[in-house]
Structures are given as C-alpha cells and as structure tokens.
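Colleague: In this text, residue positions in the sequence shown follow this note's numbering: the first is 1, and each later residue adds one. For each residue, glycine too, the CB sits at the ideal point set by N, CA and C. This structure is a prediction, so every number in the text was calculated from the model and none was measured.
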Amino acid sequence: MPPETTGRAIFISYRRDDAEGEAGRLFDDLVRAFDEKSVFMDVAGIQPGSDFRKAIDQNVASCGVLLAIVGPHWASITDAQGNHRLENDNDFVRLEIASALTRNVPVIPVLVHEAKMPSADVLPENLKDFSYRNSVELTHARWNSDVALLVEALRSYVHVAKEHETEPIHATVPVQLPPPQPPQPDESASAKSRTPLFAGIAVAVLLAVGAGVFAATHHSQQPAQTAPSPVPAPAPVTPPAPESAALTPFIGRWQNTAQLTPKDSLLRLVVSNGGSQMLVHAYGKCEAGPCDWGTQPAIVDGSKAVTSAYQLRNNPQEVQLERSATLTLEPSADGLGVTITNSYQDAGTHPPGKALTYTFARATGS
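This is how it looks when you write it as structure tokens:
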C-alpha cells in the first residue's frame, strides 16, 4: 500500500450523492482537531491504478474507527440500471463498512440531514450489524458543538503526537487586524513641495502672533471655564473562566470494579473537560463484547454530575424498546459512584427498572 495511505486512525465513509458536503466539512474539522495523517476519506486517498478493494481493506485494517456518514438517501440510492447500490458486492460504501465490521473496527454512524438509522431488513447480510451501532447526529444549526462532542469521543480511538492536538477552529467573532502602515512619502514629490510648505508655515506663524496680541489687549469679562474632566472608559469585561476546580474530582478514566455479567451494561468511563461543559464518554459490556455508548454532556450540581440521555441501540431489544439511560456521577473516598437510570419509549409495557449503582476506580495511568 502506498505510504501516504497507511496508519490513518479515522476512516470517513460516505456517498457522494447523499452527503458529500457534510463529509468534506467534517474531514476539514477532524484534520484541524488531529492532523492530516490521522484522517482518511475513502477513495479520495486511493492512488490511480490501485485495486480499490484491496486499498479499502488495507486502510480500514489500519484505522482505529470508521465514521459512516448517513444521509436521508444513504440506503435507497440506485445505480444507472435502477438497482440499489447496497445490493452490489463491489459498492464502495458496502465494502468499507463490511470490512470494518468483519475486523471488529468500531463503526460510528454519523447522521446528517435528519437521516434515520437503516433497519436490518433493508441491509445486505454483511451489513446487518451496522443497524445496531449507536449513532451520533450532526446538524447545521449545532454543527460546531456537535463536532466538538464527536472529536472528544474520537480521542479514545486516535493516537497522535501532542503537538498536533487542537480543537476545531470556527471563526465566530471578527478578527482584529493590525493597523495599516502609512504610505511612504515619495522623495521627489517631497522636494518639489517644500516652497509652498515653508510659505504655509510663515502664514501660520503670523496668524498665531496676531491672535496672541488680540488676546492680551482684550481680556474677556467672562469667568474662565473649567474644562470638564474626561470620563474614564469602562474596564473591559472578562468572561468568567470555566469552574475547572469543580470538575477535577470527575475528570479521568474510570473502570467498573464490579464483576460484570453479560446483562450488565456499563464497563468504563472517560470524563473530560469540554471547555464550557463536562463530557462523559461511556463504554458498555454487551453480550457480544464491548460496545460504545457515545459521549454526552453532564451538568455538575454540587457534589454530583448528571449526564444527558444516552440513546442505546446495541441489541435488537434496545432497538425495539428505544432504551435511554442517564448517568449520575458522585466522587467519594472509594472512587466514583455511578448510578444508571434506564427509561424506555413505551413506559406502559416496559416501565423503567430500578436504578443500578456501581463503584468505579481510576484506571491505571489516569
């Protein structure tokens, strides 16, 4: 494989007729957040003359995570003969996602344009597991914040040098430019204009002398007016810094200390400071192995922090019941107490179960 296409940690898969604009915009943001060598954008990085099937398989094998950009027509787009592209064994998108699923590479569906996850019955056999992957959504209205959450979630998959790590940059305020330099005077023009300049200076001196004589001989009877004191400009307002001290007990990598059974869900947490909010990336222990819950913001209230709801679709039952879960985190001398509260779309037929509480310990090196 060509050296420039090796070792890409993030693989972006998309359909040009479905979400090319969003894929390109996300690619630019991820390159800014990590570096160009850590992001591979499907066939755009395959050299002419290469076997695209082998190139795709090799690039997927070397990546840490695959992002599948799903627009509203992702599963229904057809070729020139009217056949669904997903039914073609050599469809690029099918090859990319199937290769990742076969190699147990994490696959994150990224929904754009209010797209919905495709159900398993519309997918070919080697893509059916894709319908059970927990998805994230990118919207035009919240693009910057949505991408920031995605970037934070991807940090556990991507390994780049510290000097390349940065956040996506989106200019939302005017940029302060230095004042323009005054034009340098032309020497020849300056020489030609000296005579009228001297004449003007002489006239100004005569006028000043005359004004002085007039002022000395005609004292005003009006009392001298005191110049008003200048009003000081208001001091600039500095925005309050995030209360990072309040987040310190939560920040870090945490591991569940309980002996988990296949039905138990929460395995580990990665808690980070997202700048204006705390972010909690959760990983579960599903029946088929580890699964990614995704990242949600959390609100700190006193000694506790409560996350937004995770939309869990890691098995057919969760898909059917539309399971949601919130986490309550509370640091203690023993570690981090984590309480899971489940809810379901149809609470009448499947009411929420009792809350489950676990004790998490800091992972080694956290």
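Considering only their Cβ atoms, is the gap separating phenylalanine 11 from phenylalanine 34 smaller than 8 Å?
Modeller: The answer is no: Cβ separation not under 8 Å.
Colleague: Grab the span of the beta strand (DSSP E) containing glycine 21 for me, first residue to last.
Modeller: Run containing glycine 21: none in the beta strand (DSSP E); it sits in the alpha helix (DSSP H), 16-33.
Colleague: Which of helix, strand or coil does DSSP assign to arginine 53?
Modeller: Residue state, collapsed to three classes: helix.
Colleague: Would you check if the distance between the CB atom of glutamate 96 and the CB atom of serine 13 is smaller than 8 Å?
Modeller: Their beta carbons are under 8 Å apart, which means glutamate 96 touches serine 13 by this criterion.
Colleague: Look at alanine 305 and leucine 329 and say whether their C-beta atoms are less than 8 Å apart.
Modeller: Yes. Within cutoff.
Colleague: Can you tell me whether DSSP reads phenylalanine 250 as helix, strand or coil?
Modeller: It is coil, neither helix nor strand.
Colleague: Beta carbon of methionine 278, beta carbon of valine 270: below 8 Å?
Modeller: No, the pair does not count as a contact, with Cβ atoms beyond the cut-off.
Colleague: With burial defined as no fewer than 16 other Cβ atoms inside 10 Å of the residue's Cβ, what is the status of serine 299: buried or exposed?
Modeller: Rather than serine, the amino acid found at residue 299 in this sequence is isoleucine. The residue in question, isoleucine 299, is exposed, as its Cβ has fewer than 16 Cβ neighbours within 10 Å.
Colleague: Give me the residue from Glu137, Lys116, Thr139 with the minimum Cα distance to serine 131.
Modeller: Comparing Cα-Cα distances from serine 131 to each of Glu137, Lys116, Thr139, the minimum goes to Lys116.
Colleague: Is DSSP giving alanine 61 helix, strand or coil here?
Modeller: Reduced to three states, the DSSP call for alanine 61 is helix.
Colleague: Tell me, please, which residues DSSP counts as bridged to glycine 82.
Modeller: BP columns for glycine 82 are empty, so no partner.
Colleague: Kindly indicate which three-state DSSP category asparagine 144 falls into: helix, strand or coil?
Modeller: Note: asparagine 144 maps to helix in three-state DSSP.
Colleague: List the DSSP bridge partners of methionine 41.
Modeller: Bridge partners of methionine 41: Ile12.
Colleague: Note down the Cα distance separating valine 105 from aspartate 334, rounded to an integer number of angstroms.
Modeller: If I take the Cα positions, the gap works out to 34 Å.
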